[in-house]
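**Q** The structure's right below; bear with me while I get my questions together.
Structure follows, in structure tokens:
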């Protein structure tokens, strides 16, 4: 009996203990499981601080996605640039071979397994998912919803421009069938028009019903940004949908020029401190005026910029042009935190397409002997080019001439990108705001739109010459399509426009330095293998691949 | 400081020694066994130091009082205690301690060795590896067939990679569960090897099933030495060792470098020698054990100071352990208490030192004496070291080794309490509570004069300090009962219980820089940092994980029929917080059957047993919160804080489950004994971060139950007593692992080679239907006129399709250049006993595996752009090759055979009745020699990719074995002299 009692009570207490302890709820303590927005306090961090252009709202996390891949390596910017005739990433001996991905990109021999293309695909859809997640928030204003939809249309524009036939997904976690490029074009157009509150773009359209505002803050989308984006999309409409929309492109661009508060950057209206000034180099100016001021690290308030991506060394990383383009000893010219990677070289023909007096030639490129902070000439101790007498050519001298693409591209060869200029003591992330839309593009779009709609390139002359005047080169008296394309290229170097423009002019498949003519199906990039496999059959590959 | 503490503690123990009274009464007698008299048996008066040995006829005479108790013992027999009483002539018959009656610790209990139906291997203290062992896992290296323990390079601060029977999961839990004195999840790091009595390895599914998910990769049960009743026994172990570098990468000498056209800087430096040293280490261990009345105890203290062979690396560790057992309440309540405390101070060193020691220009001097690299400035700003400014990825390794300060302090406290109550003769109940706390405090200081990481040349911001603290806590509560039923020819034992475990992790980190000068270590004076004026440069972060709980109900029944048929069945119902709703609980059964064939086949061997077992265990993912939607928080350019999606949640994540079947035969007769095990295991629904549709999920990867893996293997263990003095044993294992199903049917390729210039070059193939560990590369066929590699046309179609993005193309010319997993692993031990001398030689080898030698892949081609860096110059180097591209040229067979451990020991003859009971002097060599064709530093297999496995928090890729990365430590040969004294 005694034993029985013992056993019974023992068991009972066990049960009581046990039932209390079968709770398996996983309580995450320091992770966020719900969406949260907290208005912040603007702290001025100095010259490059962009808080003057910021807006306190609930959709910040969607706009932050613009920083992924837009101005960095191995993603959208890289594939738009390296596949064009602007730049190459040559194989420099043991550096930059990377499985041949950059050589393939240059020669238009990319395949569906290409890593940067996969990253591009993943980044755009990741951004779209974040936008969809934001759209599901309660309490958004109509303006916030409209901005999100235009932003989403922008990302779909990128996908359509690069890959063509993609899925249109409008809520998190849902799938969609693959749409044709023309259908994606129609979707993008309809989303932007809906946000503008009109059914079509006309010269006298009335945007009072638009949920978008005319707030000039550059880090968000206002009516001018939406219309400007439409002008670019209409300009390419024939490539995307087969139907030309050039007249509307010109109308939209014209509307932005006439109604927007923006001005072209000139020496009279733009002056910022030169943050890259070296005390030991007498020729470094104290301030940057005009064109170079528009792309400097402290360019956040520039009058020409319509919609920009806010990069910041501390708060918003993603722009690494200094690391991507410069050779290691250049670290001492600017006192960077880390050694640069020496990747991107401007193609010689592109560099030579600038006239010598062109303001843009001086501010877009770094060429010649490089000097350190204290004015001493920099040397490259691992130099792989030689003097005529056979000794190593040690001085660090960026030459526009490039010897070859692979396998031993000389490490100092190629003019280096400098449009988005650097600052002294710059950290690994740059602070220059990157323009998605700026007024110069509106001039060029209007010019091209008018010319193509009428079939007469002389209609482009007025606007092109405005741009040329600002660049301090002589005006054209007549212009051909090729000259227009070249001018567009010179103006928008390093802004990831080139591939799209070459496509539109039918020049993308031409031969150029170390590249033979490529097949026509290469104008559309292959859909990444990983995406096709993961889609379980709902995605089919683009033709030719 | 440490040494003072040891001395104090020693004196304290000595003071405990009880004094003994001597009574004058003579008792005599004889000790026999069933085979006749036993000479050399020990007869002791319990509780005193009085003891004698029996003579040739088994007779003894001893001084003892009527109230005394005599303890009679002899090796191989059960000890007996006899009260003297009024006897003056005592006869004692000892009974042979049959090995088969030996008791083996299994999950939640123990069983007689012969009744076990699963693959369990016991390794006793005598069989452990000898010499300076820094981590308890090393004791078992090569001793257990199927247990692979590798510490590539032998970094003293790294934990070994431990695998039992190869791949058991691809996610977390890739190492076996360690159970110390009944407490699951203890770490081998806080058990000093000198405190271990024996280790049981539960190899197969049916044995480990009762431990549930944590035992999915096998279980290693460690039993520490407990007290023995009787007078206190004191023991001292000391070791002094010297380690020197055993193997290094062949690089060019300064003459070869100049001849090959390298940039001649005028000096001559052997950089590997400059950053390595002859390391002196010592280990001291003191323990005291004894008992009085119903209580036994053992207390020990260990001090180890180990220098690494790379300068400024090593650690100093103090560990103390106490085991106390007592009985109460009429001997029905058994109380066991264990506690251990460990404190280790480590100097980690910067891994990059090893890479630059190979790469740096051999004609560069260590210290600067002025050169063109320093136009207009002296070398003071960089601490007086020579540096090659402006050269990509080229830094003076001595500067890094001497200036960077990476240290850490780890404090661990474990304690557990076990209460067992005998309710009746057949029924007992046990309760166990355990707690473990582990705190790490790490510090990394880079002074203003360091070029790498300290920005020594920056006019504005130099020097940096960063701190990282983390804390891990673990609690365990278990309650279970055992019930015995015995009747004729039938014996049943039932166990059932409940187990609750919870662990929790938190960390915080802080970094800033910009210090004034190099006059002091500013990580102890961070208020001098100028970053405090410029807060954007300060990094601060902290994190706390959720409470991870594992709750389980378990039950087991053991049945013995006719003393010759053994049946065993168990079930465990387990739940975890880490899985999705509706998938949290899983049920895992196991059963086994064994038979003593001697009985049924009429044979008369010492041991002849066959057994068959089957068991299922589950496995969990590593990270937490995977089934929940989680956001990241950050501030945007406008200062607004907002959340963004962090990853794609998988609410359907469920248990990964492993089912294993094991057939074993155990045999022993006279001089030969051994066992053979055959097994097959299926891992279903393994959890892995897999590629998914980014359009639907917003992220291109998500943790999913991704497929099925199958492993089949064989393990053989043989022991042969050649002569009375020489015994030899061999154990070998072989297995192969196949990926049977995978969500990505087209397969995948993993493990990126890396920078410089070989990104987007993946080397390990993962394809359903094929073996895991295949290295996938184009075939190297020679060098062409331009110095580029020629790749072979493997499929004979006239075209060479060998670019990296074509790896999966049907026309691709890629092939399996090797496999990262060994085909055969073997250990061969030899024991020789000659009088007072004993010699122990242990050989170990692994065969059939290959390694990708990344040092050669990057630095062996004679790239023109690399003339300022040293070239790797092994026997496989081709001077005409001037292009670096991955191919089968860099995949080498890494079969090896080594004399892992050689010990020669001398046991002193000690007179009876002196203070010292026994003493031994030993000399030991670890890593005496290695026979291999591999040109890299260490031919041991790399079972995972991702560097050293740090307590499961660094993501290692289990599907990519075979990559020998550039940050592996140099291997060392260690010579040790040791002294062991028992009082």
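Protein chains in written order, with the working numbering: chain C, 1 to 545; chain L, 1001 to 1983. We put the beta carbon where it would ideally sit given N, CA and C, even for glycine. Note that the coordinates shown come from a computational prediction; the quantities given were computed from them, not determined experimentally.
Name the DSSP bridge partner or partners of residue 312 of chain C?
**A** C:316
**Q** Per DSSP, which residues does residue 1590 of chain L bridge with? Please list them.
**A** L:1570 and L:1615
**Q** Run through chain L and tell me which residues come within less than 7 Å of residue 133 of chain C, C-beta to C-beta.
**A** By Cβ distance, chain L contributes 1645.
**Q** Measure the alpha-carbon distance for residue 175 of chain C versus residue 167 of chain C and round it to whole angstroms.
**A** Rounded to whole angstroms, residue 175 of chain C to residue 167 of chain C spans 8 Å at the Cα level.
**Q** According to the neighbour-count rule (16 or more other Cβ atoms, all chains shown, within 10 Å of its Cβ), is residue 1875 of chain L buried or exposed?
**A** exposed
**Q** Listing by chain order, which chain C residues have their CB less than 8 Å from the CB of residue 1455 of chain L?
**A** 337
**Q** Here's a check: name, in chain order, each residue in its chain whose Cβ is nearer than 8 Å to the Cβ of residue 1917 of chain L, leaving out the five neighbours to either side.
**A** 1233, 1910, 1982 and 1983
**Q** Check the Cβ-Cβ distances between residue 1697 of chain L and every residue of chain C, and say whether any is below 9 Å.
**A** yes
**Q** How far does the beta strand (DSSP E) with residue 435 of chain C in it extend, from its first residue to its last?
**A** 434 to 438
**Q** Could you check the C-alpha separation between residue 1386 of chain L and residue 1359 of chain L for me, to the nearest Å?
**A** Distance between the alpha carbons of residue 1386 of chain L and residue 1359 of chain L: 14 Å.
**Q** From which residue to which residue does the alpha helix (DSSP H) around residue 124 of chain C run?
**A** 115 to 135
**Q** Examine chain C for any beta-carbon lying closer than 9 Å to the beta-carbon of residue 1498 of chain L, and answer yes or no.
**A** Closer than 9 Å: yes.
**Q** Can you list, in chain order, the residues of its chain whose CB lies under 6 Å from that of residue 1348 of chain L, leaving out five sequence neighbours each side?
**A** 1157 and 1406
**Q** For the beta strand (DSSP E) that residue 1716 of chain L lies in, which residues bound it at each end?
**A** Run containing residue 1716 of chain L: 1707 to 1721, per the beta strand (DSSP E) assignment.
**Q** Name the chain C residues whose beta carbon is nearer than 9 Å to that of residue 1692 of chain L?
**A** 534
**Q** For a test of the three-state rule: what should DSSP assign to residue 1952 of chain L, helix, strand or coil?
**A** Note that residue 1952 of chain L scores a pLDDT of 32, beneath 50, so its modelled location is shaky; the value from the coordinates is reported in the next line. Here residue 1952 of chain L sits in coil by DSSP.
**Q** If you count every other CB in all the chains shown that lies within 10 Å of the CB of residue 1280 of chain L, and 16 or more means buried, which is it?
**A** exposed
**Q** Taking a cut of 9 Å between CB atoms, which residues from the stretch 1620 to 1648 of chain L lie near chain C?
**A** 1624, 1625, 1627, 1628, 1629, 1630, 1631, 1632, 1633, 1634, 1635, 1636, 1637, 1638, 1639, 1640, 1641, 1642, 1643, 1644, 1645, 1646 and 1648
**Q** Decide if residue 546 of chain C is buried, meaning its Cβ has at least 16 other Cβ atoms within 10 Å, or exposed.
**A** This structure does not reach residue 546 of chain C, given that chain C is present from 1 up to 545, and the question cannot be answered.
**Q** Grab me the residues of residue 387 of chain C's own chain with a C-beta within less than 6 Å of its C-beta, minus the 5 sequence neighbours each way, in chain order.
**A** Short of 6 Å from the beta carbon of residue 387 of chain C, and not among the five residues preceding or following it, lie these beta carbons of its own chain, in chain order: 393.
**Q** Can you tell me where the beta strand (DSSP E) with residue 1083 of chain L in it begins and where it stops?
**A** Annotation: the continuous beta strand (DSSP E) that includes residue 1083 of chain L extends over 1080 to 1083.
**Q** Expressed to the nearest angstrom, what Euclidean distance is found between the alpha-carbon atoms of residue 275 of chain C and residue 1957 of chain L?
**A** 44 Å
**Q** Given this structure, state the Cα-to-Cα distance separating residue 1240 of chain L from residue 1230 of chain L, to the nearest angstrom.
**A** 32 Å
**Q** With DSSP as the reference, label residue 68 of chain C as helix, strand or coil.
**A** coil
**Q** Give me whichever residues DSSP pairs with residue 1829 of chain L in a beta bridge.
**A** L:1729 and L:1842
**Q** Does the Cβ of residue 1671 of chain L have 16 or more other Cβ atoms within 10 Å, making it buried, or fewer, making it exposed?
**A** Around the Cβ of residue 1671 of chain L, a 10 Å sphere holds fewer than 16 other Cβ atoms; the residue is exposed.
**Q** Do you know whose CA, among C:126, C:456 and C:411, lies nearest residue 385 of chain C's CA?
**A** C:411
**Q** How is residue 1336 of chain L classed by DSSP in three states: helix, strand or coil?
**A** strand
**Q** Rounded to whole angstroms, what's the CA-CA distance from residue 1698 of chain L to residue 173 of chain C? Just pull it up for me.
**A** 8 Å
**Q** Just mark residue 1514 of chain L as buried or exposed, buried being the case when its beta carbon has 16 or more other beta carbons within 10 Å.
**A** By the 10 Å Cβ count, residue 1514 of chain L comes out buried.
**Q** So, with DSSP's three-state summary, where would you put residue 1893 of chain L?
**A** strand
**Q** Kindly indicate which residue of L:1843, L:1783, L:1317 and L:1785 has the alpha-carbon position closest to the one of residue 1925 of chain L.
**A** L:1843
**Q** What would DSSP say about residue 533 of chain C, mapped onto helix, strand or coil?
**A** If DSSP states are grouped into helix, strand and coil, residue 533 of chain C belongs with the helices.
**Q** Could you compute how far the alpha carbon of residue 333 of chain C sits from the alpha carbon of residue 326 of chain C?
**A** Taking the Cα positions, residue 333 of chain C is about 10 Å away from residue 326 of chain C.
**Q** I need the straight-line Cα distance from residue 1356 of chain L to residue 1274 of chain L, nearest angstrom please.
**A** Distance between the alpha carbons of residue 1356 of chain L and residue 1274 of chain L: 11 Å.
**Q** Taking just the CA atoms, how far does residue 161 of chain C sit from residue 500 of chain C?
**A** Going from the Cα of residue 500 of chain C to the Cα of residue 161 of chain C covers about 7 Å.
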